[in-house]
Amino acid sequence: MSPRDEIPNLRGLDGEGSVQVHQDSETKIEGAKVFSVYGKGGIGKSTTSSNLSAAFSKLGKRVLQIGCDPKHDSTFTLTGSLVPTVIDILKDVDFHSEELRPEDFVFEGYNGVKCVEAGGPPAGTGCGGYVVGQTVKLLKQHHLLEDTDVVIFDVLGDVVCGGFAAPLQHADLALIVTANDFDSIYAMNRIIAAVQAKSNNYKVRLAGCVANRSKDTDEVDRYCRTVGFNRIGHMPDVDALRRSRLKKKTLFEMPDDEDIVQCRAEYMRLAEALYNSTETLAPAPLPDREIFELLGFD
Numbered sequence: 025m026s027p028r029d030e031i032p033n034l035r036g037l038d039g040e041g042s043v044q045v046h047q048d049s050e051t052k053i054e055g056a057k058v059f060s061v062y063g064k065g066g067i068g069k070s071t072t073s074s075n076l077s078a079a080f081s082k083l084g085k086r087v088l089q090i091g092c093d094p095k096h097d098s099t100f101t102l103t104g105s106l107v108p109t110v111i112d113i114l115k116d117v118d119f120h121s122e123e124l125r126p127e128d129f130v131f132e133g134y135n136g137v138k139c140v141e142a143g144g145p146p147a148g149t150g151c152g153g154y155v156v157g158q159t160v161k162l163l164k165q166h167h168l169l170e171d172t173d174v175v176i177f178d179v180l181g182d183v184v185c186g187g188f189a190a191p192l193q194h195a196d197l198a199l200i201v202t203a204n205d206f207d208s209i210y211a212m213n214r215i216i217a218a219v220q221a222k223s224n225n226y227k228v229r230l231a232g233c234v235a236n237r238s239k240d241t242d243e244v245d246r247y248c249r250t251v252g253f254n255r256i257g258h259m260p261d262v263d264a265l266r267r268s269r270l271k272k273k274t275l276f277e278m279p280d281d282e283d284i285v286q287c288r289a290e291y292m293r294l295a296e297a298l299y300n301s302t303e304t305l306a307p308a309p310l311p312d313r314e315i316f317e318l319l320g321f322d
């Protein structure tokens, strides 16, 4: 047998052209329901994640939200501030994690939601997947996942590296935030393909999509019918969502205006549906050319 024959062929097991990296058993999240929120950059993943965290807390769940973006603003509306990142705090102690206390990197937000910002490596260097892995390992070392019912990973958009994929190793369900336009649906189609690839080796499954800041949902619904996906939520294009970010608050802390009350109710309905979800979706993402044809482009 030649040395070449002794090398296992792992190509494609974690998606075409990739090599499967197995999860460290020490970082496995047990006991909690774990959700990863995806979507194109600027689509409203952090707004969706934070309001979902608030809604889960209103259902009596113990919630932990983990922001996975170098700009570390995922938990901004829950805490009212930009909290320090795990990676920056680790740098301060020369990566001696044993010197850290939970209060150094876990911050309490609205209605008791625990907030962590993983942060990221400097631009053009390092891997976001490493940062996510270190964050989960740190949470496990300090036993901070043992008293948690729901974990939400808010994942950076427009990335296909380990920083994008790492939360899928932990998640039970992946939720995609989209809008009723071509760019958002195109990104959703690629995310579906990525999650499907990961589901060959991990427990993660697709929960569905949320049409965010969208007056209509006709294009999203047409795409979902074509590929066998589900739209499970709709947040209308209301100014309250923008105002809540400016005021550093979730919608649950905003005045009881009619549009805000309606959006809160939709987040509560969505949180309950996600927590009780048993449906398994297996959509078939479209090739790029078919996406163009479906959405009316020549």
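For this note's numbering, count along the sequence shown from 1 and bump the result up by 24. Think of the CB as a built atom: it goes at the ideal place given N, C-alpha and C, for glycine as much as any other residue.
DSSP bridge partner residues for residue i (one or two, in chain order)
{"i": "residue 109", "result": "141"}
{"i": "residue 255", "result": "233"}
{"i": "residue 92", "result": "179"}
{"i": "residue 305", "result": "230"}
{"i": "residue 200", "result": "62, 233"}
{"i": "residue 132", "result": "138"}
Distance between residue j and residue i (C-alpha atoms, nearest Å)
{"i": "residue 118", "j": "residue 112", "result": "10 Å"}
{"i": "residue 213", "j": "residue 202", "result": "10 Å"}
{"i": "residue 288", "j": "residue 79", "result": "8 Å"}
{"i": "residue 252", "j": "residue 76", "result": "25 Å"}
{"i": "residue 300", "j": "residue 82", "result": "15 Å"}
{"i": "residue 61", "j": "residue 89", "result": "11 Å"}
{"i": "residue 177", "j": "residue 196", "result": "11 Å"}
{"i": "residue 162", "j": "residue 318", "result": "45 Å"}
{"i": "residue 204", "j": "residue 264", "result": "19 Å"}
{"i": "residue 248", "j": "residue 95", "result": "31 Å"}
{"i": "residue 316", "j": "residue 218", "result": "19 Å"}
{"i": "residue 232", "j": "residue 194", "result": "18 Å"}
{"i": "residue 167", "j": "residue 221", "result": "31 Å"}
{"i": "residue 262", "j": "residue 208", "result": "18 Å"}
{"i": "residue 116", "j": "residue 160", "result": "18 Å"}
{"i": "residue 347", "j": "residue 141", "result": "With the chain running from 25 to 322 in the structure shown, residue 347 is simply not present."}
{"i": "residue 105", "j": "residue 64", "result": "24 Å"}
{"i": "residue 311", "j": "residue 250", "result": "12 Å"}
{"i": "residue 129", "j": "residue 156", "result": "13 Å"}
{"i": "residue 275", "j": "residue 291", "result": "9 Å"}
Identity of the residue in the options nearest residue i by Cα
{"i": "residue 269", "options": "68, 122, 165", "result": "68"}
{"i": "residue 192", "options": "202, 106, 204, 179", "result": "179"}
{"i": "residue 102", "options": "83, 138, 128, 229", "result": "138"}
{"i": "residue 170", "options": "294, 298, 85, 56", "result": "56"}
{"i": "residue 206", "options": "254, 222, 172, 235", "result": "235"}
{"i": "residue 87", "options": "238, 97, 174, 314", "result": "174"}
{"i": "residue 127", "options": "144, 135, 143, 108", "result": "108"}
{"i": "residue 230", "options": "277, 200, 114, 97", "result": "200"}
{"i": "residue 164", "options": "266, 181, 124, 143", "result": "124"}
Heavy atom of the ligand SAH within 6 Å of residue i beta-carbon
{"i": "residue 126", "result": "As far as ligands go, the structure on display features none, and thus does not contain the ligand SAH."}
Simplified DSSP assignment, three categories, for residue i
{"i": "residue 78", "result": "helix"}
{"i": "residue 57", "result": "strand"}
{"i": "residue 316", "result": "helix"}
{"i": "residue 277", "result": "helix"}
{"i": "residue 170", "result": "coil"}
{"i": "residue 291", "result": "helix"}
{"i": "residue 219", "result": "helix"}
{"i": "residue 87", "result": "strand"}
{"i": "residue 125", "result": "coil"}
{"i": "residue 119", "result": "coil"}
{"i": "residue 270", "result": "helix"}
{"i": "residue 311", "result": "coil"}
Checklist entry - Are the segment 237-247 and the segment 72-81 in contact at 8 Å, needing three or more beta carbon pairs? => result The segment 237-247 is not in contact with the segment 72-81.
Checklist entry - Is the segment 278-291 touching the segment 307-318, taking contact as three or more C-beta pairs under 8 Å? => result no
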